[in-house]
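Residue numbers (the working numbering), protein chains in the order written: chain A, 18 to 328; chain B, 784 to 1119.
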């Protein structure tokens, strides 16, 4: 019984960084920027968050430092990919490598440690106990008592769904991805919108980093993003960038991630259980694409807005 | 001019002779090659501490070559040690044992010391330092058993369940768990051991997730055998008000009041010890040196953090059992 609650808890916790980065990536997805730098932005955010929190002794500073770290990486990406027209794939790869090497180097130089940096001086972001719901048996412990960023993320998912589909900015963003010349022809700079999308994704990936290093755990470890940015990218492509779809898929992924661990208490070998989240992803991809093929044409049209116009 | 040349030739010949018959000269350069990277606050760092002591006490040059778990760097690392002209090469060779054997055959004049596994080459020049993980883990199991059966310790529930979080499923980690279980069962046959493999050595987030699952299944104490991933285990212990056991180096102070003890692997002491035999001439190439509890190769870190958690009576019992293992009265079975 307790294990079930713990698994629900941990699926929410494991889903949050993927969802946050994924929400950031939604913007670049619709702006038709192939953003593979989310992993690196997240890692940089995780590092600057810990550094800020440790040096200032405040989680607020840590959080802003984390967002700033993600933004800084995104700025580099935007300058190269949008204004200098370099290849997005190459630029993104460079940022990921820079993030890994750079944070590792900075960790060693600033804190004189290698591997992991732990200290009671690192202030974690506060946890929220929901008054009434938290008292409910079963559901209460699963949904209450998480770092507050978890709830912010859920709210953001809904907010971003609205922002992309219901606002003028969202329309321009999607148009800039679909046909940049059309946007330019009406006097709106598509480059500017693309750069903005990259910066928003950087800020949200930075926030995902903050959540990792000041929320889920209170430490920084080399390469602690550990592929979560890539999973976010996969989830975006899987759900075609629908924020609410992202929310669902991240939770599913988070659940299977935890399930993989707990299945080990059965007689299934751990090598197999470790594949569970990835098998689930492939299965979801299959189901999703099958559903797509069977869908009526009108529906397909509205859902393919963000697709690469060149393809 | 001619005589000068002759002197030079003689000198060269002597140098060459020395290089061939390696044992005849005191080593000047010591290389420490690791498959992973420094900074794990445990295994590799412990080895590095030993190398640092060698540098200080024997006035030799030392150099650490890290491979960062990148197989492409394994041959480069060995080559770098050769080119640097190292006399003694300590290697932690998971994943490139065969390569090490080839290099050792090619350069038989060097002292090759393989740490933590047993590697044999054709010319039998590699000396292996083999830690008896089961004995250290047995003692960790003793401590875990004493904690979970003692409800007077804060936060301990009546269920006799303990846990372990491994990095990946490999023979070394299996040996740890095998010893850990024996230790726990020695205290109480009814103790149940739950094990989770995180599947990664460097993801504390996943380590924490794994440990939390174990605590939610009523485990009172979790043994982390997962390098960096394990730092998340220690944090989970603090958050849940439960206990953990560290590994490889003394991790008791990392989460004060929640890490009862650490199962040490004194890689540094072993490296230092082997180097000493090279200097004093008792070194035997091709030997397999077993470092167990008695030899000080493995053992528990017992300090003020341990005393704060474990009642004096239990601590006494730990020390008694430790003596019995050292004297051979208790035999810990080996995994392989």
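Idealized CB from N, CA, C, for every residue including glycine.
*Using 7 Å as the limit for Cβ to Cβ distance, is residue 959 of chain B near chain A?*
At a cut-off of 7 Å between C-beta atoms, residue 959 of chain B does not count as an interface residue with respect to chain A.
Selection from A:41, A:178 and A:55 that minimises the alpha carbon distance to residue 260 of chain A: Ranking the options by Cα distance to residue 260 of chain A, first place goes to A:178.
On the DSSP letters alone, give me the boundaries of the alpha helix (DSSP H) that residue 113 of chain A sits inside.
For residue 113 of chain A, the enclosing alpha helix (DSSP H) stretches over residues 105-128.
Look at the Cβ atom of residue 902 of chain B, then the Cβ atom of residue 920 of chain B, and state whether they are nearer than 7 Å.
No, the pair does not count as a contact, with Cβ atoms beyond the cut-off.
Among B:809, B:898, B:977 and B:862, which residue has its Cα nearest to the Cα of residue 1048 of chain B? Checking every option, the nearest Cα to that of residue 1048 of chain B belongs to B:898.
For this session: Mind the definition here: the segment 976-991 of chain B touches the segment 284-300 of chain A only if three or more C-beta pairs lie below 8 Å; say whether that holds.
Result: Yes, since at least three Cβ pairs between the segment 976-991 of chain B and the segment 284-300 of chain A fall closer than 8 Å, the two stretches touch.
| query | Using 7 Å as the limit for Cβ to Cβ distance, is residue 158 of chain A near chain B? | reply | Against chain B, the CB of residue 158 of chain A has no partner CB under 7 Å away; the residue lies outside that interface.
* Residues bridged to residue 164 of chain A [DSSP beta-bridge criterion] -> Residue 164 of chain A pairs with A:144.
- Task: Mind reading off the beta-carbon distance from residue 837 of chain B to residue 1055 of chain B? Whole number of angstroms is fine, and I expect it under 8 Å.
- Result: Contact between residue 837 of chain B and residue 1055 of chain B holds, since their C-beta atoms are separated by about 6 Å, short of 8 Å.
Q | Euclidean distance between Cα positions of residue 833 of chain B and residue 1052 of chain B | A | The straight-line gap separating the alpha-carbon atoms of residue 833 of chain B and residue 1052 of chain B is approximately 6 Å.
**Element boundaries [alpha helix (DSSP H), containing residue 94 of chain A]** = Note, residue 94 of chain A: alpha helix (DSSP H), 76-95.
Query raised in the report: For the segment 123-136 of chain A, which residues have a CB atom closer than 9 Å to at least one CB atom of chain B, in sequence order?
Result: Residues 124, 125, 130, 131, 132, 133 and 135.
Scan the segment 210-234 of chain A for residues whose Cβ lies nearer than 7 Å to a Cβ of chain B and list them as they occur along the chain. For the segment 210-234 of chain A, which is checked against every Cβ of chain B, the residues closer than 7 Å are 229, 233 and 234.
Q: Please confirm whether residue 30 of chain A and residue 233 of chain A have their CB atoms less than 7 Å apart.
A: Yes.
What's the gap between the Cα of residue 149 of chain A and the Cα of residue 19 of chain A? Rounded to the nearest whole angstrom, the C-alpha separation of residue 149 of chain A and residue 19 of chain A is 20 Å.
Review point. Residue 342 of chain A versus chain B: which residues are under 7 Å apart at the beta carbon?
Key: Residue 342 of chain A lies beyond the residue range present for chain A, which begins at 18 and ends at 328; the question has no answer from this structure.
Reference residue 825 of chain B, options A:225, A:131 and A:223, closest by Cα:
In terms of CA proximity to residue 825 of chain B, A:131 leads the group A:225, A:131 and A:223.
Please give me, in chain order, every unbroken run of the beta strand (DSSP E) with length at least 3 that falls completely inside the segment 802-851 of chain B. For the segment 802-851 of chain B, whole beta strand (DSSP E) runs of length 3 or above, ordered along the chain, are 812-817 and 844-849.
Problem - Nearest to residue 134 of chain A (by Cα), restricted to the options A:63, A:37, A:185 and A:85 - result: If we check each option's Cα against that of residue 134 of chain A, A:63 comes out closest.
(Q) Cutting at 8 Å between CB atoms, please list the residues of its own chain near residue 915 of chain B, excluding the five before and the five after it. (A) Excluding sequence neighbours, residue 915 of chain B sits near 1073, 1074, 1075, 1076, 1080, 1081, 1115 and 1117.
Would you call the segment 995-1015 of chain B in contact with the segment 944-956 of chain B, where contact means no fewer than 3 C-beta pairs closer than 8 Å? Cβ pair count under 8 Å is three or more, so yes.
- prompt: Of all the options A:270, A:41 and A:243, which has the alpha carbon lying nearest to the alpha carbon of residue 299 of chain A?
  reply: Checking every option, the nearest Cα to that of residue 299 of chain A belongs to A:270.
Would you verify that the beta carbon of residue 804 of chain B is, or is not, closer than 7 Å to some beta carbon of chain A?
Because the pLDDT of residue 804 of chain B is 47, which lies under 50, any placement of that residue in the model is unreliable, and the number read from its coordinates should be weighed accordingly. With 7 Å as the cut-off, residue 804 of chain B does not count as an interface residue toward chain A.
Rounded distance between the beta-carbons of residue 252 of chain A and residue 267 of chain A, thought under 8 Å
6 Å between Cβ atoms; contact.
Can you tell which of A:22, A:27 and A:21 has the C-alpha that lies nearest to the C-alpha of residue 990 of chain B?
When each option's Cα is compared against that of residue 990 of chain B, the closest is A:27.
What number of angstroms, rounded off, separates the C-alpha of residue 89 of chain A from the C-alpha of residue 219 of chain A?
Cα-Cα distance, rounded: 8 Å.
Where the alpha helix (DSSP H) through residue 64 of chain A begins and ends:
Segment 55-73, the alpha helix (DSSP H) holding residue 64 of chain A.
I want to see whether chain B comes within less than 7 Å of residue 416 of chain A, judged by CB atoms only; does it? Here chain A comprises residues numbered 18 to 328, so residue 416 of chain A is not present and cannot be evaluated.
Start-end ranges of the beta strand (DSSP E) lying completely within the segment 900-977 of chain B, minimum 3 residues:
909-914 and 944-949, all fully within the segment 900-977 of chain B.
Alpha helix (DSSP H) containing residue 1026 of chain B: first to last residue?
-> No alpha helix (DSSP H) holds residue 1026 of chain B; the beta strand (DSSP E) holding it covers 1026-1031.
(Q) Taking 7 Å as the threshold (C-beta atoms), are residue 226 of chain A and residue 59 of chain A in contact? (A) Yes; because the gap between Cβ atoms is below 7 Å, this pair is in contact.
Just to check my reading of the structure: residue 140 of chain A and residue 79 of chain A have Cβ atoms closer than 8 Å, yes? What is that Cβ distance to the nearest angstrom? In this structure, residue 140 of chain A and residue 79 of chain A form a Cβ contact; the two beta carbons are roughly 6 Å apart against a cut-off of 8 Å.
Notebook entry, point to check: Going by beta carbon distance, what residues of the same chain come within less than 7 Å of residue 971 of chain B, once the five residues before and after it are set aside?
Noted result: So the list reads 928, 932 and 943, once near-sequence residues are dropped.
**Report entry** residue 1080 of chain B CB to nearest heavy atom of the ligand ADP below 6 Å
**Finding:** Here there are no bound small molecules, and the ligand ADP is not part of this structure.
Strand pairing of residue 1084 of chain B, partner residues [DSSP]:
Bridge pairing for residue 1084 of chain B: B:1045 [DSSP].
Please tell me whether residue 1014 of chain B has its Cβ less than 7 Å away from any Cβ of chain A.
Yes - at least one Cβ of chain A is within 7 Å of the one on residue 1014 of chain B.
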